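For reference, the structure discussed in these notes is given below.
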Amino acid sequence: MYQRRPRKFSKYRSNGRRFQNRGNGNGRPRTQSYSSEAPRNNFRTIHNPEKLLEKYNNLAKEALSSGDKTLSENYLQHADHFVRLIAEKNKNYQLNKEKNNNEVVDLDKKKEEVGDVLTEKPENN
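Under this note's numbering, the first residue of the sequence shown is numbered 10, with each subsequent residue one higher.
Pasting the structure below:
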């Protein structure tokens, strides 16, 4: 039996009327504004890596208990990815912490030097 091909989007509605472009009165179409500033096509997850690691470990345990070794391995690979992300995050945190500590020590030394210079009495000849 002959099947109709689906129609591509046209400028007419199914009832024969045209779609109307309702502008804001000055001839230009209005733009939609959304309350949040985040882009609408942002597919990144909001959860932190620690929660996602726990989630995929739990999913792997459930899959293994139901007898699906392949799905369990898949979830464990996802969990391994988040383990690496957490390790990198912790490494960067430690490096930044050490860098900030070194800067604080340098500032303390400079303050001591400035304090020594200010407390020294100038010699009058």
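Quick reminder that beta carbons are idealized off the backbone N, C-alpha and C, glycines included. Just so you know, these numbers come straight off a predicted model, no measurement behind them.
**Item:** Integer Cβ distance of Tyr84 from Ala96, believed to fall under 8 Å
**Value:** Along the sequence shown, read from residue 1 onward, the residue named residue 84 stands at position 75. Along the sequence shown, read from residue 1 onward, the residue named residue 96 stands at position 87. Actually they do not touch by this definition, with Cβ atoms about 19 Å apart.
**Item:** Straight-line Cα distance separating Gln86 from Ser75
**Value:** Position 66 of the sequence shown holds residue 75. Position 77 of the sequence shown holds residue 86. Distance between the alpha carbons of Ser75 and Gln86: 18 Å.
**Request:** Report the option in Leu62, Ala69, Lys108 and Lys118 whose CA atom is closest to the CA atom of Glu82.
**Result:** Residue 82 sits at position 73 when you count from the first residue of the sequence shown. Residue nearest to Glu82 within the set Leu62, Ala69, Lys108 and Lys118 is Ala69 (criterion: CA-CA distance).
**Asked** My guess is that Pro58 and Leu104 are in contact by the Cβ rule of under 8 Å, so how many angstroms apart are they, rounded?
**Response** Position 49 of the sequence shown, counting from 1, holds the residue named residue 58. Position 95 of the sequence shown, counting from 1, holds the residue named residue 104. That belief does not hold up - the Cβ atoms of Pro58 and Leu104 are roughly 18 Å apart, past 8 Å.
**Prompt:** Considering only residues of the same chain and omitting the five flanking positions on each side of Leu80, which have a CB-CB separation below 6 Å?
**Reply:** In the sequence shown, counting from the first residue as 1, residue 80 sits at position 71. Leaving aside the five residues that flank Leu80 on each side, the residues in its chain whose CB is nearer than 6 Å to its CB run, in chain order, Ala72.
**Item:** Whole-angstrom distance between Asn111 and Lys120, CA atom to CA atom
**Value:** To locate residue 120, count along the sequence shown from 1; it is residue 111. To locate residue 111, count along the sequence shown from 1; it is residue 102. One C-alpha to the other measures close to 14 Å.
**Request:** With a floor of 4 residues, list each alpha helix (DSSP H) that falls wholly inside the segment 50 to 113, ordered by position along the chain.
**Result:** Entirely contained in the segment 50 to 113, the alpha helix (DSSP H) runs reaching 4 residues are, in chain order, 58 to 74.
**Item:** For Glu129, three-class secondary structure by DSSP
**Value:** Taking the first residue of the sequence shown as 1, we reach residue 129 at position 120. Of the three classes helix, strand and coil, the one that applies to Glu129 here is coil, per DSSP.
**Message:** Classify Tyr65: buried if its beta carbon has 16 or more other beta carbons within 10 angstroms, exposed otherwise.
**Reply:** Taking the first residue of the sequence shown as 1, we reach residue 65 at position 56. Result: buried.
**Asked** Where Val123 and Asn101 are concerned, what is the direct C-alpha to C-alpha distance, given to the nearest angstrom?
**Response** Here the question's residue 123 lines up with position 114 in the sequence shown. Here the question's residue 101 lines up with position 92 in the sequence shown. CA-to-CA, the gap between Val123 and Asn101 works out to about 33 Å.
**Prompt:** Nearest-angstrom Cα distance between Val92 and Asp115?
**Reply:** The residue given as residue 92 occupies position 83 in the sequence shown. The residue given as residue 115 occupies position 106 in the sequence shown. Val92 and Asp115: Cα-Cα distance of roughly 35 Å.
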